[in-house]
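Count along the sequence shown from 1, add 851, and you get the number used in our numbering.
Shown next, in structure tokens, is the structure this report addresses.
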Amino acid sequence: MRIVFAGTPEFAAKHLKALLKSPYEVLAVITQPDKRGKRGRSLVESPVKKMAREFGLTTLQPMKLTKKDLSPFNFELLVVVAFGQILDLNVLQTPAKGSINVHASLLPRWRGAAPIQRSILAGDKNSGVTIMQMDDGLDTGNILASQSIRSAGENSDSLTKKLCSVGQELLLKTLGEFDRLQKSAIPQNDQHATYAPKISKDEAKINWLSNSTLIERQVRAFYPSPVAYTFIDGIRVKIFSAEESTENYGNAGEIIQVSKDGVLVGTKTKAIRIKEVQLDQGKGNILKGTDIQNGWSRIFSSGKFFEHT
852 MRIVFAGTPE FAAKHLKALL KSPYEVLAVI TQPDKRGKRG RSLVESPVKK
902 MAREFGLTTL QPMKLTKKDL SPFNFELLVV VAFGQILDLN VLQTPAKGSI
952 NVHASLLPRW RGAAPIQRSI LAGDKNSGVT IMQMDDGLDT GNILASQSIR
1002 SAGENSDSLT KKLCSVGQEL LLKTLGEFDR LQKSAIPQND QHATYAPKIS
1052 KDEAKINWLS NSTLIERQVR AFYPSPVAYT FIDGIRVKIF SAEESTENYG
1102 NAGEIIQVSK DGVLVGTKTK AIRIKEVQLD QGKGNILKGT DIQNGWSRIF
1152 SSGKFFEHT
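Given below as structure tokens:
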């Protein structure tokens, strides 16, 4: 089968590599235009572009993909993985076999840009990957295949890696049975749909007046990006890992205890133990309980408060 691949982040690059190691022929790769780095000094290539260059593949980076962009390629299927553009129906219908998408959720749950983070925030015990035929809706196409995994306790980083592995295997399996699966594709039940809008940095700010369960999920959902954060003494504190305590004590935002195990903080319900942090001052090192206890007691000490909201 002759394929054109569209994708952008590392999650997509892993799927591209799986295709390149398979019997399927990838004729070209489409990815987002290079973007300015964090300091704005130089352009940064997407992981998919780097992978395509490594394998000597023709690469397109249109601001908006059109049917004309695809006309030079005699291909049968467009495979889309976390591309980052909404594609017009005439583009999706260009190849003879249509277009498919690898989506990191169990559709119709979590349609949209941030399914992994939204799943963690909601406390889902299971997650998965769905491969669907693409139409002109937002992740609304008929389902070709899906696979579920246990996701309770995962953060976005670990769950992304697990779903990436599942997705690669499921993609190759789907391509191997494509004609049969296409004939038996299952329409999604829109009544069961939930949506996963893009994450904003403001959502990552901890509100200590929230319950401990929600705060713990925030920390997991927003690691490694944009990272949950709070403030103390006007200093921004990024929280990389935390756990919910079994005890229900302390005022919201109050530091109850600092120990080698971390910083215990009160919430609306149970306390939260912060395990790893990074401060927007000093060398920016990631600090664990012992580091905080020994070197940062002037900031983290019992009785002090993080900003509530």
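Glycine included, each C-beta is placed from N, C-alpha and C at the ideal position.
Predicted, not measured: the structure shown is a model, and the values here were computed from it.
Beta-carbon contacts of residue i that lie in its chain and below 6 Å, excluding the five residues immediately before and after
i            : result
residue 1064 : none
residue 1138 : 1128
residue 913  : 920
residue 1015 : 862 and 865
residue 1075 : 1008
residue 969  : 961 and 1047
residue 1071 : 971 and 1006
One or two residues paired with residue i in a DSSP bridge
i            : result
residue 954  : 981
residue 1093 : 1125
residue 1116 : 1106 and 1123
residue 876  : 853
residue 910  : 880
residue 996  : 982
residue 886  : 895
residue 1046 : 962
residue 1056 : 1080
residue 1137 : 1129
residue 1087 : 1082
Any non-hydrogen atom of the ligand MG within 8 Å of residue i CB
i            : result
residue 1053 : Inclusion of the ligand MG in the displayed structure is not the case, the ligand content being empty and no account of it being possible.
8 Å contact criterion, which residue i and residue j should meet: CB distance rounded
i            : j            : result
residue 882  : residue 858  : 6 Å
residue 1045 : residue 960  : 5 Å
residue 854  : residue 934  : Rounded, the Cβ-Cβ distance is 14 Å, inconsistent with contact.
residue 965  : residue 1049 : 6 Å
residue 898  : residue 860  : 6 Å
residue 962  : residue 1036 : Rounded, the Cβ-Cβ distance is 17 Å, inconsistent with contact.
residue 1083 : residue 1150 : 6 Å
residue 1110 : residue 1144 : 6 Å
Run of the beta strand (DSSP E) containing residue i, from where it starts to where it stops
i            : result
residue 1141 : Where residue 1141 is concerned, there is no enclosing beta strand (DSSP E), although the alpha helix (DSSP H) it sits in stretches over 1140–1146.
residue 858  : 853–858
residue 1005 : Where residue 1005 is concerned, there is no enclosing beta strand (DSSP E), given that its DSSP letter is neither H nor E.
residue 1078 : First-last for residue 1078: undefined, no H or E at that position.
residue 928  : 928–932
Buried versus exposed, by CB contacts within 10 Å (16 or more), residue i
i            : result
residue 975  : buried
residue 980  : buried
residue 894  : exposed
residue 918  : exposed
residue 1086 : exposed
residue 1164 : This structure does not reach residue 1164, given that the chain is present from 852 up to 1160, and the question cannot be answered.
residue 1153 : exposed
residue 1018 : buried
residue 1011 : buried
residue 1118 : buried
residue 1006 : buried
residue 1134 : exposed
residue 1003 : exposed
residue 1013 : buried
residue 1022 : buried
residue 1032 : buried
Alpha helix (DSSP H) segment containing residue i, residue limits
i            : result
residue 968  : 966–972
residue 919  : 918–921
residue 1063 : 1063–1072
residue 1159 : It is not in any alpha helix (DSSP H) - residue 1159 carries neither H nor E in the DSSP assignment.
residue 863  : 861–871
residue 975  : Note, residue 975: premise wrong, no alpha helix (DSSP H); not H, not E.
residue 1030 : 1029–1034
residue 941  : 940–943
7 Å CB neighbourhood of residue i in its chain, flanking five on each side removed
i            : result
residue 1026 : 852 and 875
residue 868  : 902
residue 1068 : 971, 972 and 974
residue 947  : 927
residue 1131 : 1086 and 1087
residue 922  : none
residue 1155 : 1083 and 1106
residue 1112 : 1124 and 1140
Sequence-distant residues of its chain with Cβ nearer than 8 Å to residue i (five each side left out)
i            : result
residue 1116 : 1059, 1101, 1104, 1105, 1106, 1107, 1122, 1123, 1124, 1125 and 1157
residue 950  : 928, 929, 930, 931, 938, 942, 943, 944, 984 and 985
residue 1055 : 1069, 1073, 1077, 1078, 1079 and 1080
residue 1161 : Because residue 1161 is not part of the residues shown, which for the chain are 852 to 1160, the question remains open.
residue 1009 : none
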